[in-house]
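Residue numbers (UniProt numbering): 1 to 768.
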């Protein structure tokens, strides 16, 4: 990218800097003409979009490498190194061509058989069963696979299926000795079988939103979504499949490239290239299209159903560019291809703004970002040109449409997230708490949102942002769901958070993030009115020990002064309108002047907002920085599983120092208390762990409010520690966190956070 930027002459860079949307076709044509004359661009495209037969094999199939991995996997299997054998077989499946044969058998089918045998050995019968079925779909006349599936079905108690599979294996087995062995297996199976009647699996009903929404124009935020009628708390208001989605690079080895769920052990590769991994054959087909296997290789049950336009098919030629280009550029390619497929024309990139109806951000971008968009649009256009056998024209109009699309993706795409924790939802209820250790307590608190994908949702892009949102977004597979977190009156804007919320970051950091990422200045009530959370989250305490006021540094104070809702009767710009959050009394931290027309207070950095005492920031900041050195050491000890005993006394002294310098509701104190709770869990001392956890939650409740989802995750940790102590009051914490999770996730709470089900089972055990 940097090399291509350098070859753009200054006159064109100035045109890019000054350009607007209307200038794009002409500007794109000029840049395109420049790049067509450069050998560098042709070399780049040759590397990105080379034919599989001419490339080094970054994304292509490689039979030789697959055979080497198969042999290595067999050796590891024989030596008992099952985890390494699994890695070898799975990687070999990614590289093996579907039509490759070895020792008279289809290589892919053999690899599935080998992995199925390994899974059976490892005590994973369901994974083994799926791999056997995959092998039979490719090679239905493979007696060893029928035999293995019969054995696996026997392990699972599927008597009729086991008898069928073993009988087929006996009929296909060419050797007399092999037939007699299978006959003995069938006789043994018949003697030990006890017929059972399987209960039909209950089908969970799918929750469908019943709230009718409408798009309206607002004077300050443009388009937005509202409902004409009141909406109760925890109501599902919207569910939507993505127009296009792409997995992020750091999740390619851990999550399914179609549904974005975590990959199981029995991963399925793409049939034509070595880049994607899928969790099931359904996802493989939906992403890459119908699998074309010679008729002689296909079993009678192999009938994949395609539900949508295959999003990976145009990338599935062994080419490099889907693996190398940034995720948002690959996403743009998927949007372009899907739109062309829907319109049935492939000669030019269509007008995507008309199709998607998304706002663009091109004019607000920096010159550097604009130039990047132009270069990526030209590179992507060349790559798509190769994918469509030169049918797609390379011209300025098509390039300009991709520039607009990339600018739309920057501000309209949504990060698809998953909740990640170290918890294991398969605990044995009878002995879990007899064996409770730091692992379970710490894992309950090690919950974080992980970005796994980037997607465009056309309707969801109409919902506006607020740092104090009234709706919450989450995902089930690729599906986006929006749920109200509070009662919303009819006609009131439905707003979600595009990033950090009040209580998570202070106002100045939120504003900077939104301006840099989404190119707008937030005017929500959390950013336009003074609230206690923004004042105390990074505030210092007053030097007067009897005063509960807060002292702000210069950056925070200046941000608060700039909040715009200033009554006209107040000439002093240091006086601002005040927004009081639920259950929070701002008068405890700042001197408020109230009358019938206004509520305001005076903001000066370095002075207490309540009593006016002066604070020396320089010396206090230095002490805080020194105190945090002890906590970082303690964190390092926990992360490396080293003993914490030597670092704990220093961290406890530093906590006292922080409490004497920072405001009582400063988020840094909550983080310090949380680190100490984890450290005490680590050494098995749960009573101080509980006390520090409670102290952290008390601060976070002031910053977020008592019913925020962040509090729910902290309560899960506290309840785990209480259960480890045999403290029956954990029941109340579990009740509370269950209510919070139900508000944010409805009936999907246990799926999003499986550890919740464990805690609820323990609650039932205690009550009984």
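Note that CB positions come from ideal geometry on N, CA and C, so glycine has one too.
What are the boundary residues of the beta strand (DSSP E) that includes residue i?
| i | result |
| --- | --- |
| residue 126 | Taken as a continuous stretch (DSSP letters only), residue 126 belongs to no beta strand (DSSP E), being part of the alpha helix (DSSP H) at 125-138. |
| residue 233 | First-last for residue 233: undefined, no H or E at that position. |
| residue 617 | Element bounds for residue 617: not the beta strand (DSSP E) but the alpha helix (DSSP H), 617-639. |
| residue 215 | 213-218 |
| residue 172 | It is not in any beta strand (DSSP E) - residue 172 instead sits in the alpha helix (DSSP H) that spans 159-172. |
| residue 418 | 414-420 |
Could you tell me whether the Cβ atoms of residue i and residue j are closer together than 8 Å?
| i | j | result |
| --- | --- | --- |
| residue 762 | residue 723 | yes |
| residue 534 | residue 507 | yes |
| residue 813 | residue 243 | Residue 813 lies beyond the stretch modelled for the chain, which goes from 1 to 768, so this question has no answer here. |
| residue 260 | residue 416 | yes |
| residue 70 | residue 114 | yes |
| residue 510 | residue 467 | yes |
| residue 120 | residue 152 | yes |
| residue 394 | residue 385 | yes |
| residue 378 | residue 31 | yes |
| residue 611 | residue 549 | yes |
| residue 451 | residue 241 | no |
| residue 693 | residue 721 | yes |
| residue 97 | residue 127 | no |
| residue 770 | residue 746 | Residue numbering for the chain in the displayed model covers 1 to 768; residue 770 lies beyond these limits and cannot be assessed. |
| residue 454 | residue 331 | yes |
| residue 495 | residue 470 | yes |
| residue 186 | residue 163 | yes |
| residue 370 | residue 7 | no |
| residue 236 | residue 264 | no |
| residue 839 | residue 541 | No statement about residue 839 is possible, as the shown extent of the chain runs from 1 to 768 and does not include it. |
Could you give the first and the last residue of the continuous alpha helix (DSSP H) run that contains residue i?
| i | result |
| --- | --- |
| residue 693 | 686-704 |
| residue 682 | 667-682 |
| residue 185 | 176-192 |
| residue 821 | Nothing can be reported for residue 821, as the shown portion of the chain is limited to 1 through 768. |
| residue 39 | 39-48 |
| residue 285 | 281-288 |
| residue 141 | Note, residue 141: premise wrong, no alpha helix (DSSP H); not H, not E. |
| residue 664 | From DSSP, residue 664 is part of no alpha helix (DSSP H); its letter is neither H nor E. |
On the three-state DSSP scale, how would you describe residue i?
| i | result |
| --- | --- |
| residue 30 | helix |
| residue 392 | coil |
| residue 268 | strand |
| residue 756 | helix |
| residue 382 | helix |
| residue 448 | strand |
| residue 476 | strand |
| residue 453 | strand |
| residue 490 | coil |
| residue 260 | coil |
| residue 63 | helix |
| residue 606 | coil |
| residue 656 | helix |
| residue 612 | coil |
| residue 8 | coil |
| residue 155 | helix |
| residue 714 | helix |
| residue 110 | helix |
| residue 782 | In the structure displayed, the chain extends from 1 to 768; residue 782 sits before or after that span and is not available. |
| residue 471 | strand |
| residue 593 | Per-residue confidence for residue 593 stands at a pLDDT of 43, beneath the threshold of 50, marking its modelled position as unreliable; no derived number is given. |
| residue 105 | strand |
| residue 495 | strand |
| residue 406 | helix |
| residue 252 | coil |
| residue 95 | helix |
- Segment contact, 8 Å Cβ cut-off, at least three pairs: the segment 623-634 with the segment 644-664: yes
- Contiguous alpha helix (DSSP H) assignments of at least 4 residues, all confined to the segment 497-568: 507-518, 525-528, 532-536 and 554-561
- Query: Using 8 Å as the threshold, is the segment 10-25 in touch with the segment 396-404, meaning 3 or more CB pairs across them?
  - Reply: yes
- Message: Within 8 Å, do at least three Cβ pairs link the segment 169-187 to the segment 127-135?
- Response: no
- Task: Tell me, please, whether the segment 27-47 touches the segment 61-81 by the rule of three or more beta-carbon pairs shorter than 8 Å.
- Result: no
- Message: Just to confirm the assignment: which complete alpha helix (DSSP H) runs, minimum length 4, are found wholly within the segment 315-366?
- Response: 321-324, 327-343 and 352-356
- Task: Determine, using beta-carbon pairs with one atom in the segment 308-320 and one in the segment 369-388, whether at least three such pairs fall under 8 Å.
- Result: yes
- Query: So does the segment 470-490 actually touch the segment 222-231, counting three or more Cβ pairs closer than 8 Å?
  - Reply: yes
- Item | Residue ranges of each alpha helix (DSSP H) within the segment 718-753, 4 or longer | 730-745 and 749-752
- Task: For the segment 636-651 and the segment 663-671, state whether three or more C-beta atom pairs, one from each stretch, are separated by less than 8 Å.
- Result: no
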